[in-house]
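Respectively, the protein sequence lines represent chains E and A. To convert, note that position 75 of the first sequence is 77 in my numbering; the numbers rise steadily by one, no gaps. To convert, note that position 221 of the second sequence is 1683 in my numbering; the numbers rise steadily by one, no gaps. Note that the Cβ used here is the ideal one computed from N, Cα and C, for glycine as well.
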Amino acid sequence: MNQRELVGAALTLLALLLIGYELFVVGLLNGSVGTKGQVTLDAVLISAGFLLILLGPWLWLGEVPVAVKRFVEAKTGRRT
Amino acid sequence: MQAILFLLMVLAIYAIAYIFYGRELLQNRVVKADPNRPTPAVENFDGIDYVPANKYVLFGHHFASIAGAGPIVGPALALAWGWFLPLLWVLFGNIFIGAVHDYTSMMASVRQGGLSIMSISENLMGRRARYIFLLYVWAALILVLAAFLSVASATFAAEPTAATLAILFMPLSLLFGIMVYKFGVDIRLATVIALVLLLIGLVYSFSVPVHLTYEGWVVVLTLYSLIAAALPVWYLLQPRDYLNAYVLWIFVGLALLAPLFLPFMEITGPAITSFVAKGAVVGAPRGTPAAGLDIAYFWPMVPLTIACGALSGFHSVVASGTSSKQLANELDALFVGYGSMLAEGAVASLAVILPAALFWDFSAAAQKAGISLETLKAAGIDVEKTKNILAFGAVDRFYNAYALAQATAWSKLFGLDFVPLFKGFKTFAAWALTAFVLTTLDTANRLARFAWVEMMDWVRPMNRDAYRIITNRFLASLIPILIAAVMAYPTIEGIGRAYLVIWPAFAGTNQLLAALALLTATLWVYAVLKVRGPVSLLMLIPAAFLWLTVTLALGLWVLFILPNVPLLYQIGAGSLVVLSLGLDILLIYLFVRGLLRARAI
């Protein structure tokens, strides 16, 4: 695993932990995440998870899918 | 008129339009689509933006991108003219302008290596037209971003369960994409897994709302738009939009089923209330003199309210931006480009206008549907205070009418309690709306990046390093979303959320863009495909009519509405509209010159 993939895996794990903790622990205990009309730590943490989950798996698994590469190679006859 | 007659009439019109106007005329006679001609997705494959997609996946992306809040908010707002006039505009606009515009923009782009409709204008109208068009689109996309950033933030702040679902939806979409693309899981199995998880998430989000302030959501969604717009399309955009399309199909499917279960229910609303409505309908802020004046004439001002439901310039940018770069086969373009626009029209006519027409007058509708007024009151509609659908704001008209039609149909069919069904469907309607707003947020930013990169190509021969820096995909995404965020962030005193001011400006510039894109596509058909005679007039006449309508409407908006909005928006939205009108006049001059030149050849 190279450095980029390592960072990606760490970010993915962190994002899943943040979303999971906020939605399934804080959410179930309090009946909601955050407080209406306020910016709370819980709201900030779940927002961070929401944004990090976009970046993490991309860095971790982010090269072009093999199936798509093969389709393009079959259509054009050249290596991608 | 009865519900079933309305439904069958609309479906028959769309079916005839798809087969005869779309397939026979546009695909077979005008464009002559060829399944063996390689598309830009394979010719220019880069793994980021040029990636061939399955036609159903691409339909999901295209449909979800073009169907933002537009087909819902616009027709709901236009009910101020009655139900018939908005329906007429949706059907006419859909078939003769919107779907033609989307399909021909997509095909023109496919035949020009995936270039945007703006860059295609260079070959037809000269280099100057290209840069004017690109600048116009870039400015219009900033208004799109500002309007949707504000709408999405306001919806999440008001409907926190919708925010929960949106948060759950992202990892789910990524999981679906990774299953299909990385691990080769069969798409049907992956779809079932993702939809089951989505259903669980939907039920779960009922009980765990995520609360954040409006301003907080503006910040979070600005960052979301920035990141999501820079990611490869296969990774987030394709799987997310594919799943989104299922949500939309369920939403539209339910809208089709309800009238089938209430076939003989009569419409209770007036076909036409008046040809002129109050200024508030076209964006005059509440409390200002213009809001109470009879200035919103159905023609030419209807495009300032009904945008994407009938036609939209934003669609041409999507069709010749992200979608044309993912089209695997030319024949898929009819389903993706033409079909998506008709499906969007179905959302406007069957999910918004029909339920509103049926349940317009609450007392009369309750009597016809066999619901007691006490039951309606328990559901939150007190007919003493709220006599008809127009008593609600635009978005609430949609939520209430959709939920009333659904709850009436299903409670009658299965003998279930009306009130919980009504509340459940009202929440579902809010979810359906927000699902598409997020998609538009990152697609619009990606398209603004494409426009920016194309607009800056003159830097490349002068200084390659400078070009590389200014077209960096994160920087090119950051500039438009930052400007949009500055407009979306403030809450305007005495008015409310920013979108209330930005929406008509966005709708107007967007419709003007549709006129310019359709004129460009018409010129492409005329000059490049050499299609002449009545067929070319079928495109030219609607394009010219639209251009005249929207130019007049925006002129009236600048004259009557703009002086009433706060200074920040006079500078922001106002200057963008005035700039757009100026560029519009320049472009129409270049179009006429291009047309005359093509005729001479």
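{"Item": "Beta carbon proximity, Leu-57/E to chain A, threshold 8 Å", "Value": "yes"}
{"Item": "Boundaries (first-last residue) of the beta strand (DSSP E) holding Lys-1740/A", "Value": "1738 to 1740"}
{"Item": "With 16 other Cβ atoms within 10 Å as the buried cut-off, status of Met-1727/A", "Value": "buried"}
{"Item": "Rounded separation between Gly-1783/A and Met-1569/A - CA only", "Value": "11 Å"}
{"Item": "Exposure of Arg-1930/A, with buried meaning 16 or more beta-carbon neighbours within 10 Å", "Value": "exposed"}
{"Item": "Where Gly-1678/A meets chain E, residues with beta-carbon distance less than 7 Å", "Value": "Val-41 and Ala-45"}
{"Item": "Residue(s) in a DSSP beta bridge with Asp-1823/A", "Value": "Asn-1850/A"}
{"Item": "Neighbour flag for Pro-1671/A against chain E, beta carbons, 8 Å", "Value": "yes"}
{"Item": "Per-residue burial, Tyr-2064/A [other beta carbons within 10 Å of its own, 16 or more giving buried]", "Value": "The question about residue 2064/A has no answer, for chain A in this structure spans 1463 to 2063."}
{"Item": "Outcome for Arg-1994/A when other beta-carbon atoms lying within 10 angstroms are tallied against a minimum of 16", "Value": "exposed"}
{"Item": "Cβ-based neighbour list, Ala-1823/A, same chain, cut-off 6 Å, excluding 5 preceding and 5 following", "Value": "Contrary to the premise, residue 1823/A reads as Asp rather than Ala in this sequence. Taken in chain order, the residues that qualify are Thr-1730 and Asn-1850."}
{"Item": "Where Ala-1841/A sits in the DSSP three-state scheme", "Value": "coil"}
{"Item": "Own chain, CB closer than 6 Å to Ile-1757/A, minus 5 neighbours either side, in chain order", "Value": "Gly-1741 and Phe-2022"}
{"Item": "Length of the line joining the Cα atoms of Val-41/E and Ser-49/E", "Value": "11 Å"}
{"Item": "Within the stretch 1604 to 1691 of chain A, ranges of the alpha helix (DSSP H) (whole runs, at least 4 residues)", "Value": "1622 to 1639 and 1649 to 1669"}
{"Item": "Nearest-angstrom Cα separation, counted from Asp-1496/A out to Glu-1486/A", "Value": "14 Å"}
{"Item": "Asp-1508/A, DSSP secondary structure in three states", "Value": "coil"}
{"Item": "Chain A within 8 Å of Gly-84/E, Cβ atoms only", "Value": "The shown model of chain E, from 3 to 82, leaves out residue 84/E, and the question about it has no answer."}
{"Item": "Residue burial classification, Ile-1712/A (beta-carbon count within 10 angstroms, cutoff 16)", "Value": "exposed"}
{"Item": "Identity of the residue in Ile-1689/A, Ile-1557/A, Leu-2018/A and Pro-2025/A nearest Thr-1901/A by Cα", "Value": "Ile-1689/A"}
{"Item": "Ile-1943/A (DSSP reduced to helix, strand or coil)", "Value": "helix"}
{"Item": "Ala-1690/A: contacting residues in chain E (beta-carbon distance under 9 Å)", "Value": "Leu-56"}
{"Item": "Chain-order list of residues whose beta-carbon lies under 8 Å from that of Val-1915/A (same chain, five-residue window excluded)", "Value": "Thr-1933 and Ala-1938"}
{"Item": "Nonlocal neighbours in the same chain, by C-beta distance under 6 Å from Gly-1799/A, ignoring five residues either side", "Value": "Asp-1564, Tyr-1565, Met-1568 and Ala-1781"}
{"Item": "As assigned by DSSP and simplified to three states, the class of Tyr-1951/A", "Value": "coil"}
{"Item": "Interface flag, Val-1682/A vs chain E, CB-CB below 8 Å", "Value": "yes"}
{"Item": "Nearest-angstrom Cα separation, counted from Arg-1935/A out to Ala-1928/A", "Value": "14 Å"}
{"Item": "Cβ distance (whole Å) where Arg-1859/A is taken to contact Ala-1897/A below 8 Å", "Value": "Not confirmed; about 19 Å, so no contact."}
{"Item": "Candidates Val-1948/A, Ala-2005/A, Leu-1999/A and Leu-1962/A: closest to Gln-1973/A by CA position", "Value": "Ala-2005/A"}
{"Item": "Neighbour list for Met-1641/A in chain E, Cβ cutoff strictly below 8 Å", "Value": "By Cβ distance, chain E contributes nothing, its closest Cβ being about 11 Å from Met-1641/A, past 8 Å."}
{"Item": "Test: Gly-29/E CB closer than 8 Å to a CB of chain A", "Value": "yes"}
{"Item": "9 Å Cβ cut-off: residues of chain A touching Gly-33/E", "Value": "Ser-1669, Val-1670 and Pro-1671"}
{"Item": "Of the listed residues Pro-1762/A, Ala-1808/A and Ala-1625/A, nearest to Leu-1718/A (C-alpha basis)", "Value": "Ala-1808/A"}
{"Item": "Alpha-carbon to alpha-carbon, Ala-1950/A and Arg-1908/A", "Value": "19 Å"}
{"Item": "Cβ-based neighbour list, Ala-11/E, same chain, cut-off 6 Å, excluding 5 preceding and 5 following", "Value": "Trp-62"}
{"Item": "Close beta carbons around Ala-1720/A, own chain, < 6 Å, minus the five adjacent residues each side", "Value": "Ala-1867, Gln-1868 and Ala-1871"}
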